[in-house]
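Working notes for the structure below.
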Amino acid sequence: MVVPEGFVLPPWYLLVPLLVVLVGIVALLWALGPPVTDRTVLAFAPWMMFGSTLHVLHRIDAYPDNLESLFAAPSVYLVTAVIAGSAWIIGIFLYAGGLQPTIERFVGISGTAFFAVFVMIFLNIGWAVGNFELFWPVISVVIAGAVTAIAWIALSLRYTGVAATTSITGVIVVFGHALDGVSTAIGYDVLGAAEEVPLSRLILEAGESLPTDEYIGAGWVFIVVKVLLAVVILGLFKEYVDERPQQARVVLALIAAVGLGPGVHNVLQFVIT
């Protein structure tokens, strides 16, 4: 009920080496035990967006036929994890050797560079084919930012402990899911896009059944559900962050990626489709 349509696994001769490399990277990171703080989660935000860029390039057939399955879901998540994990390991060694002031600085800068380069490739393709529209992408980000601000202010006023404990990580979680909710709503209500995730489609269809659909569309229900779910998760994670901050922030970073990744994917698709 929650898996999107179109999941494609690459052939075994691509999937097996990819999994072996990923397991090796995870094992090495486990052995190195780098600190995971709010700055770490923030540094990985560009990598979450980078993964979306890899996938949206797959949606417009930008890859060679023999490699395109690596950038379909779910293997694109594994590819992104391998590249981002490698950057994390390099950052750890550079920091240990005194070549970087912090691990997070290298991770954040490298992630931003990868994201920027691949976004430029994507935009260049859109410009070349004559499909290039920035209005709805910008509107999506602005509204998501406003929704995040409102939700965070409300959380800070009502549950100050949750906001203070989850801090920057919590903001990224809320913004990621707000962006996914807002971009999905705009795509569904305004641009006529079909929703691929069955559970999300059920929520949107529930919104269509309400009397408000005629006036403000169905997507607002999806936005409310996504943001409320993010806030509830932060509330449930407060004690976990207090007791085991590193592990809790790793899990929250994954939760943020589940929202930010699809949200950025939607925004990029609006640009050229």
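Numbering (this note's numbering), first residue to last: 337 to 609. Virtual Cβ for every residue (Gly too), placed ideally from N, Cα, C.
If I follow the unbroken alpha helix (DSSP H) through Glu440, where does it start and stop? Ile439 to Val465
Do you know offhand how far Leu345's Cα is from Val356's? 15 Å
Report the rounded CA-to-CA distance for Ala381 versus Val603, giving the unit in angstroms. When rounded, the distance between both Cα atoms is 16 Å.
Could you check the C-alpha separation between Phe343 and Tyr413 for me, to the nearest Å? 12 Å
Taking Val600 as the reference, which of Trp366, Asn460, Glu541 and Val392 has the closest Cα? Val392
Please determine, among Val352, Ile552, Val453 and Gly523, the residue with the shortest C-alpha to C-alpha distance to Trp383. Val453
Mind listing, in chain order, the continuous alpha helix (DSSP H) runs of no fewer than 4 residues lying wholly within the segment 464-508? The alpha helix (DSSP H) runs lying completely inside the segment 464-508 and spanning 4 residues or more are 471-494, given in chain order.
Starting from Thr389, trace the alpha helix (DSSP H) both ways and give me its first and last residue. Taken as a continuous stretch (DSSP letters only), the alpha helix (DSSP H) holding Thr389 covers Asp374 to Arg395.
Roughly how many angstroms lie between the CA atoms of Tyr551 and Glu544, to the nearest whole one? 11 Å
Would you mind sorting Glu440 into buried or exposed? The rule is 16 or more other CB atoms within 10 Å of its CB. buried
Can we say the segment 550-565 touches the segment 516-530, given the rule of at least three CB pairs closer than 8 Å? Judged by pairs of C-beta atoms under 8 Å, the segment 550-565 touches the segment 516-530, as three or more such pairs exist.
Paired residues, beta bridge with Pro598 - DSSP: Per the DSSP secondary-structure output, Pro598 pairs with nothing in a beta bridge.
Taking Cβ to Cβ, would you say His394 is nearer than 7 Å to Phe407? yes
Endpoints, alpha helix (DSSP H) assigned at Thr416: Ser411 to Ala432
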